[in-house]
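In our numbering, the protein residues as written are 588 to 1015. A short worksheet on the structure shown next.
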Ligand SMILES: *Cc1c(COP(=O)(O)O)cnc(C)c1O
């Protein structure tokens, strides 16, 4: 395509950015510089979200309290650490669609997945199977297979894999329901992604939960790629438990603390078996240092340790940016437009070279598009590196997908246009 036409694409992007009511939020983030010193088109918020400018101050506040108060900081200072995690509960409920008593920020995602399976995967000789999707995120696969083995079963016979149909890339909810019905007598747990990390597919859990619950099967969701990306309604959907991390779309920094959702129908049941620690113990008597564990009758009853305050401070900073933007609803409106714009440009200019694996319906995807790229002169991984040298960050996932996620808080329509223009030059 000629230079003039790309100029028209760029102009259209600039015009869309000018009309974007959330455009000012980009300035709330540190955008890494590309090789030429200008801000990168950072399209990997699905991997590690960017740093909000205020995060340093939020962390500095807690360092100051520690400096000035030492151990007294647990009870003194502007925000005492003892109830610090409570400051996160309410904003988290908005992002995840939960009741305040159903969420807790703690540990990392994989640890939380194990803790949830300790409570919700209690296999018997008859019911010992776990259903997961094909090519689930490796950590989830390892966690699930190791739980099965730890209980003395074998992953070969206890894992049920939900697959796309032949010649298809995506899962169909009705096929998952069929699979649940087929294995209803031996299934103990269905563990599915909110948004699938590889394809970007956003599953609708309604019929799946319905089918599973009708057969007394627990449903867990891994919402690592959904939290902060799409509006979630975990409570309303009656998900039994969910886990997430906060360093992807929740912009809280590398390895930051993750979280758990436990539906209120379970969260209040202090008799549910769990791995216990002192931070899950009833707050009023925690420091009597008694010998008997008495769980808090909410999701907090699954806490093990006192939480890393510096990491929680970074989450608070990020959640405040979400709140100022009006929450997930207006962000989602922009997100649908932004990803739709990227999709439209890809279809118009690269349809011979690029297959979009992600569903075309906005209701079945978040912000990420997963692209299968035919590039005759360049392997896919090199393509990602060439884009990087042009200041455009995407990522490459084996076997053959380039992922790009325009994030409504800090990406622009111009970022999308830059990706498509550069990609089309590279795949010629
Ligand atoms: C990002 C991600 C993880 C990462 O797990 P950690 O325990 O935070 O390292 C796990 N599962 C899924 C589906 C993910 O997307």
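Backbone N, C-alpha and C fix where the C-beta goes; we use that ideal spot for every residue, glycine too.
Nearest-angstrom beta carbon gap, residue j and residue i [assumed within contact, 8 Å]
i            : j            : result
residue 904  : residue 996  : About 13 Å separates the two Cβ atoms, so there is no contact after all.
residue 691  : residue 890  : 6 Å
residue 717  : residue 745  : 6 Å
residue 970  : residue 1013 : 6 Å
residue 1008 : residue 593  : 5 Å
residue 672  : residue 897  : Between residue 897 and residue 672 the Cβ distance is about 13 Å, and since that is not below 8 Å, they are no contact.
residue 734  : residue 770  : Not really, about 17 Å apart at Cβ, beyond 8 Å.
residue 600  : residue 1004 : 4 Å
residue 805  : residue 758  : Not quite, the Cβ-Cβ distance comes to about 19 Å (not below 8 Å), so this is no contact.
residue 859  : residue 868  : Between residue 868 and residue 859 the Cβ distance is about 15 Å, and since that is not below 8 Å, they are no contact.
residue 749  : residue 774  : Going by Cβ atoms, the distance from residue 749 to residue 774 rounds to 11 Å, so no, they are not a contact pair.
residue 901  : residue 840  : 5 Å
residue 836  : residue 871  : With 8 Å as the limit, residue 836 and residue 871 do not qualify as a contact, their Cβ atoms being about 36 Å apart.
residue 625  : residue 978  : 7 Å
residue 831  : residue 799  : Actually they do not touch by this definition, with Cβ atoms about 20 Å apart.
residue 888  : residue 916  : So it is not a contact: roughly 31 Å between Cβ atoms.
heavy atom of ligand 1 below 7 Å from residue i C-beta
i            : result
residue 727  : yes
residue 809  : yes
residue 758  : no
residue 954  : no
residue 784  : yes
residue 780  : yes
residue 828  : no
residue 921  : no
residue 770  : no
residue 832  : yes
residue 740  : no
residue 1019 : What the structure shows of the chain is the stretch from 588 to 1015, and residue 1019 is not part of that stretch, so it cannot be assessed.
residue 724  : yes
residue 696  : yes
residue 701  : no
residue 914  : no
residue 812  : yes
residue 845  : yes
Cβ shell of residue i (< 7 Å), same chain only, five flanking positions each side left out
i           : result
residue 687 : 676, 677, 680
residue 639 : 615, 616, 838, 904, 905, 908
residue 945 : 786, 787, 788, 952, 955, 956, 957
residue 987 : 959, 967
residue 637 : 616, 617, 618, 629, 838, 997
residue 710 : 738, 740, 775
residue 843 : 833, 834, 898, 901, 902
residue 989 : 958, 960, 967, 970, 971, 981, 983
residue 895 : 844
residue 820 : 684
Own chain residues within Cβ distance below 6 Å of residue i, not counting five before or after
i           : result
residue 547 : An answer regarding residue 547 cannot be provided, because it is not within the stretch 588 to 1015 covered by the chain.
residue 660 : 652, 653, 668
residue 919 : 818
residue 762 : none
residue 961 : 940
residue 580 : With the chain running from 588 to 1015 in the structure shown, residue 580 is simply not present.
residue 783 : none
residue 922 : 954, 995
residue 794 : 760, 764
residue 704 : 734
residue 855 : 884
Proximal residues to residue i (C-beta, below 8 Å), its chain only, five neighbours per side dropped
i           : result
residue 791 : 760, 950, 951
residue 851 : 686, 688, 689, 822
residue 873 : 865, 866
residue 644 : 904
residue 713 : 772, 773
Heavy atom of ligand 2 within 7 Å of residue i beta-carbon
i           : result
residue 947 : What this structure holds is ligand 1, not ligand 2.
inquiry  = Check whether the stretch 921 to 929 and the stretch 688 to 705 touch, using three or more Cβ-Cβ pairs below 8 Å as the test.
reply    = Short answer: they don't touch.
message = Quick check: the stretch 862 to 870 against the stretch 598 to 612, are at least 3 beta-carbon pairs closer than 8 Å?
response = The count of Cβ pairs closer than 8 Å, one atom from the stretch 598 to 612 and one from the stretch 862 to 870, stays below three, leaving the stretches out of contact.
ask   = Are three or more beta carbon pairs between the stretch 618 to 635 and the stretch 982 to 999 nearer than 8 Å?
value = yes
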